[in-house]
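Protein sequence lines correspond, in order, to chains A and B.
Heads up: the first sequence begins at 1 in this note's numbering, then just goes up one per residue.
Heads up: the second sequence begins at 342 in this note's numbering, then just goes up one per residue.
Virtual Cβ for every residue (Gly too), placed ideally from N, Cα, C.
All values derive from a computational prediction rather than experimental measurement.
See structure below.
Protein chains: 2
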Amino acid sequence: MSTITLKKIASILELSIATVSKALKDYPDISEKTKTKVKALASSLNYTPNSFAQSLRNKESKIIGLIIPTIVHHFFSNIINGVIDAASDQGYLVITLQSNESYEDEKNKINLLIEKNVDGILLSLSDKTVNYKHINQLIDDGVPIVLYDKISKSVSCSKVIIDDFGAAFNVTQYLIGTGCKKIAHIRGPLRPQTTIDRFMGYKKALEENNIPFDNDLVYISDNLSFHDGYNITSQVINDHDKVDAIFSFTDLVATGVLLRLKELGIAVPEQISVMGFSNWFLSTITSPTLSTVDQPGYEMGRKAFTLLYNELNQIRNGEPIKHEIVEIATKIIQRNSTKKI
Amino acid sequence: MSTITLKKIASILELSIATVSKALKDYPDISEKTKTKVKALASSLNYTPNSFAQSLRNKESKIIGLIIPTIVHHFFSNIINGVIDAASDQGYLVITLQSNESYEDEKNKINLLIEKNVDGILLSLSDKTVNYKHINQLIDDGVPIVLYDKISKSVSCSKVIIDDFGAAFNVTQYLIGTGCKKIAHIRGPLRPQTTIDRFMGYKKALEENNIPFDNDLVYISDNLSFHDGYNITSQVINDHDKVDAIFSFTDLVATGVLLRLKELGIAVPEQISVMGFSNWFLSTITSPTLSTVDQPGYEMGRKAFTLLYNELNQIRNGEPIKHEIVEIATKIIQRNSTKKI
DNA sequence: TTGAAAGCGCTAACAG
DNA sequence: CTGTTAGCGCTTTCAA
Numbered sequence: 001m002s003t004i005t006l007k008k009i010a011s012i013l014e015l016s017i018a019t020v021s022k023a024l025k026d027y028p029d030i031s032e033k034t035k036t037k038v039k040a041l042a043s044s045l046n047y048t049p050n051s052f053a054q055s056l057r058n059k060e061s062k063i064i065g066l067i068i069p070t071i072v073h074h075f076f077s078n079i080i081n082g083v084i085d086a087a088s089d090q091g092y093l094v095i096t097l098q099s100n101e102s103y104e105d106e107k108n109k110i111n112l113l114i115e116k117n118v119d120g121i122l123l124s125l126s127d128k129t130v131n132y133k134h135i136n137q138l139i140d141d142g143v144p145i146v147l148y149d150k151i152s153k154s155v156s157c158s159k160v161i162i163d164d165f166g167a168a169f170n171v172t173q174y175l176i177g178t179g180c181k182k183i184a185h186i187r188g189p190l191r192p193q194t195t196i197d198r199f200m201g202y203k204k205a206l207e208e209n210n211i212p213f214d215n216d217l218v219y220i221s222d223n224l225s226f227h228d229g230y231n232i233t234s235q236v237i238n239d240h241d242k243v244d245a246i247f248s249f250t251d252l253v254a255t256g257v258l259l260r261l262k263e264l265g266i267a268v269p270e271q272i273s274v275m276g277f278s279n280w281f282l283s284t285i286t287s288p289t290l291s292t293v294d295q296p297g298y299e300m301g302r303k304a305f306t307l308l309y310n311e312l313n314q315i316r317n318g319e320p321i322k323h324e325i326v327e328i329a330t331k332i333i334q335r336n337s338t339k340k341i
Numbered sequence: 342m343s344t345i346t347l348k349k350i351a352s353i354l355e356l357s358i359a360t361v362s363k364a365l366k367d368y369p370d371i372s373e374k375t376k377t378k379v380k381a382l383a384s385s386l387n388y389t390p391n392s393f394a395q396s397l398r399n400k401e402s403k404i405i406g407l408i409i410p411t412i413v414h415h416f417f418s419n420i421i422n423g424v425i426d427a428a429s430d431q432g433y434l435v436i437t438l439q440s441n442e443s444y445e446d447e448k449n450k451i452n453l454l455i456e457k458n459v460d461g462i463l464l465s466l467s468d469k470t471v472n473y474k475h476i477n478q479l480i481d482d483g484v485p486i487v488l489y490d491k492i493s494k495s496v497s498c499s500k501v502i503i504d505d506f507g508a509a510f511n512v513t514q515y516l517i518g519t520g521c522k523k524i525a526h527i528r529g530p531l532r533p534q535t536t537i538d539r540f541m542g543y544k545k546a547l548e549e550n551n552i553p554f555d556n557d558l559v560y561i562s563d564n565l566s567f568h569d570g571y572n573i574t575s576q577v578i579n580d581h582d583k584v585d586a587i588f589s590f591t592d593l594v595a596t597g598v599l600l601r602l603k604e605l606g607i608a609v610p611e612q613i614s615v616m617g618f619s620n621w622f623l624s625t626i627t628s629p630t631l632s633t634v635d636q637p638g639y640e641m642g643r644k645a646f647t648l649l650y651n652e653l654n655q656i657r658n659g660e661p662i663k664h665e666i667v668e669i670a671t672k673i674i675q676r677n678s679t680k681k682i
């Protein structure tokens with residue numbers, strides 16, 4: 001494909017490059033006649049502007065970077081999908097990179113993106129990231145950035161988060177509403193804010209319902225795995241009498257809970273209600289199907305892009321940049337592992 | 342960030358832009374002294390070359406496009422991951438786009454990528470794509486493209502495929518080896534080559550073992566869904582006596598099979614063996630766990646990029662372009678839904 | 001060993 | 001209404 005350039009079109013039509021350029025962009029100061037002539041030739045020649053030249057002039061690439069902790073992951077896949085869709089609605093393309101929950105990777109991937117002159121970055125902090133110099137550096141350099149899902153309060157930029165606290169609060173409230181009184185909680189590792197918030201929501205709901213919080217009913221799953229759920233369930237049953245609900249901070253772990261309970265001959269939900277979190281696909285095919293919390297990843301992705309897009313526009317218009325923090329609401333998906341109200 | 346350019350560095354050091362450029366790239370005709378001086382300043386100023394200018398000169402973006410039928414999908418996520426990893430090993434970044442299994446989307450997304458001047462494209466054909474003009478156009482235009490997973494024989498370019506025929510053949514052979522004699526097959530829709538190949542592999546293995554092929558034992562799942570598996574199992578049991586194995590062309594459907602068999606009180610694998618295909622995560626948490634075929638998505642992604650990269654190099658070196666067709670081997674994952682040999 | 005100059009393809013201010 | 005010109009930041013040839 002001997003590439004078509006404005007120059008080529010100009011020379012064929014015996015016009016100047018500038019005129020051709022303007023004609024193609026419908027500048028008002030070009031006659032209709034030339035416009036149609038130029039456009040006709042351009043489209044028949046299958047002209048596409050050279051994006052490098054455009055970017056070089058306009059100082060924008062119409063490409064954004066997306067750094068995701070783990071690509072092979074249902075929730076994050078949905079986020080990727082939402083970001084790509086929302087971006088493409090505005091004519092943006094997205095370069096995706098994976099941080100592998102590693103601080104080093106996170107820094108390196110950010111650099112790669114910066115070197116490619118992306119217009120902005122969408123980032124979910126890795127679990128291991130504890131200092132935010134690299135992020136603050138970006139912000140100081142004027143690179144628009146929005147944090148999604150795993151964020152930090154000590155970084156000043158736009159953010160999109162799931163309302164984990166509220167979600168866990170509602171779940172616990174809901175379990176209590178179905179008559180549960182002794183609710184165990186399987187929480188995640190101590191670090192990420194999300195698992196902290198879910199734990200706090202659980203605790204708060206107990207308190208508001210005058211159920212004394214018992215720390216012995218809280219178990220930690222470090223691996224977020226099916227087996228953790230399985231093993232912890234054995235412990236729960238061993239340690240306590242009359243537990244009537246287990247609220248797991250993620251579906252996969254809850255799936256392990258379900259299996260272990262079935263093996264132990266404990267009826268779900270009659271004897272023990274089981275609640276997951278995330279609404280992964282697999283929660284629809286366990287037996288019984290798993291009640292859970294829908295985390296709208298797709299919507300989160302869309303929203304994250306939108307916030308970035310807003311900042312991009314503010315910059316373009318020379319307006320002051322307004323950071324925005326958006327909480328995405330979750331909703332309880334009631335299936336067969338919990339009692340009806 | 343008042344961006345640092347070669348010009349700026351040059352003026353600070355009172356050198357010419359050309360010298361600075363060459364010093365940074367270790368040209369042999371620059372003195373060590375200036376080189377170190379230039380490099381020191383550049384790194385202290387945090388200089389990163391403007392990628393647009395570079396691309397404009399070098400006519401390459403070091404970005405490739407990846408068109409994926411469905412982003413939220415375990416197998417495809419793995420492919421994305423493999424592509425991104427392999428690309429980043431060679432300093433390439435990847436823009437991901439989704440075709441939604443739509444012919445129109447496929448064409449549009451390709452255009453977006455072309456407009457961004459990506460160096461090459463990785464594409465899995467949508468199920469609805471029946472004519473290949475747009476692809477052949479690309480190839481004629483000299484855009485390197487490699488097809489992965491869902492390919493077409495009528496397009497002449499590099500390709501990476503799963504050996505579906507061989508995989509299904511091996512599965513069937515394996516089932517026969519465990520003593521199964523009346524093996525039902527749940528196949529996918531008529532169109533995509535993958536489901537055809539799996540069906541053909543099944544058939545061939547029966548023939549080679551002198552088991553007469555019976556078309557009544559072949560069922561079609563149109564939705565690739567859990568419920569299809571569930572419902573078809575009812576039919577299978579209803580239609581036939583003594584079926585001793587059900588080989589489903591995908592895990593999700595097999596999961597439905599397992600549930601229905603359990604409900605019917607049919608022991609797996611004692612009475613009926615169940616075999617899936619794809620080794621999705623969910624096959625590890627069914628009960629019993631599901632024997633299946635591992636489709637190495639990650640490896641496929643890596644390989645697809647590698648083929649593209651090879652072509653890119655051939656072009657750069659002015660060599661003739663060699664198309665390569667690679668078949669990725671699968672392996673049987675033996676779990677508890679089939680009898681041991 | 002260094003630098004001047006041309007040019008990649010496009011845009012936009014300005015002149016005619 | 002059209003064209004000239006300068007310049008975005010970089011690379012590379014050729015001259016000094």
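Cβ neighbour criterion (16 or more within 10 Å) applied to residue i
{"i": "Q576/B", "result": "exposed"}
{"i": "R532/B", "result": "exposed"}
{"i": "R302/A", "result": "buried"}
{"i": "A428/B", "result": "buried"}
{"i": "K331/A", "result": "exposed"}
{"i": "F554/B", "result": "exposed"}
{"i": "M342/B", "result": "Since pLDDT at M342/B reaches only 49, below the 50 mark, its modelled position is unreliable, and the value read off the structure follows with that caveat. Per the 10 Å Cβ criterion, exposed."}
{"i": "A18/A", "result": "exposed"}
{"i": "N209/A", "result": "exposed"}
{"i": "N313/A", "result": "exposed"}
{"i": "E447/B", "result": "buried"}
{"i": "P637/B", "result": "buried"}
{"i": "A381/B", "result": "exposed"}
{"i": "R198/A", "result": "buried"}
Limits of the beta strand (DSSP E) - the one that residue i falls within
{"i": "K303/A", "result": "Not the beta strand (DSSP E): K303/A falls in the alpha helix (DSSP H), residues G297 to R316."}
{"i": "I332/A", "result": "K331 to I333"}
{"i": "E668/B", "result": "I666 to I669"}
Closest residue to residue i among the options (Cα-Cα distance)
{"i": "I342/A", "options": "G188/A, E311/A and V20/A", "result": "A query on residue 342/A cannot be resolved here, the shown segment of chain A reaching from 1 to 341 and no further."}
{"i": "I561/B", "options": "R528/B, D592/B and T591/B", "result": "R528/B"}
{"i": "N104/A", "options": "N131/A, T338/A, T172/A and A167/A", "result": "With the sequence shown as reference, residue 104/A is identified as Glu, and Asn is not the correct amino acid for it. It is N131/A."}
{"i": "V484/B", "options": "F618/B, H414/B and G461/B", "result": "G461/B"}
{"i": "T411/B", "options": "N78/A, E115/A, I67/A and H134/A", "result": "N78/A"}
{"i": "K339/A", "options": "G179/A, V20/A, F277/A and L125/A", "result": "G179/A"}
{"i": "T194/A", "options": "N81/A, D241/A and Y148/A", "result": "Y148/A"}
{"i": "N170/A", "options": "D140/A, H240/A, K116/A and A205/A", "result": "A205/A"}
{"i": "T250/A", "options": "E263/A, W280/A and Y230/A", "result": "W280/A"}
{"i": "S44/A", "options": "I272/A, T36/A and N336/A", "result": "T36/A"}
{"i": "I421/B", "options": "V83/A, N215/A, L97/A and D89/A", "result": "L97/A"}
{"i": "D505/B", "options": "K544/B, S467/B, S499/B and I517/B", "result": "K544/B"}
{"i": "D580/B", "options": "S628/B, K523/B, P530/B and S619/B", "result": "K523/B"}
In DSSP terms, what residue i is bridged to
{"i": "M275/A", "result": "F247/A and S291/A"}
{"i": "T437/B", "result": "L407/B"}
{"i": "S499/B", "result": "V487/B"}
{"i": "Y219/A", "result": "I186/A"}
{"i": "I139/A", "result": "Answer is none; I139/A lacks a bridge partner."}
{"i": "G461/B", "result": "I405/B"}
Run of the alpha helix (DSSP H) containing residue i, from where it starts to where it stops
{"i": "L112/A", "result": "Y103 to E115"}
{"i": "E492/B", "result": "According to the sequence displayed, residue 492/B carries Ile and not Glu. Neither: I492/B is in no alpha helix (DSSP H) and is coded neither H nor E."}
{"i": "L365/B", "result": "I358 to L365"}
{"i": "G91/A", "result": "No alpha helix (DSSP H) holds G91/A; DSSP gives it neither H nor E."}
{"i": "L224/A", "result": "Premise fails: L224/A is in no alpha helix (DSSP H) and is neither H nor E."}
{"i": "T375/B", "result": "E373 to S385"}
{"i": "I12/A", "result": "L6 to L13"}
{"i": "F393/B", "result": "S392 to N399"}
*beta strand (DSSP E) runs wholly inside the segment 160-208 of chain A, at least 3 long, in chain order*: 183-187
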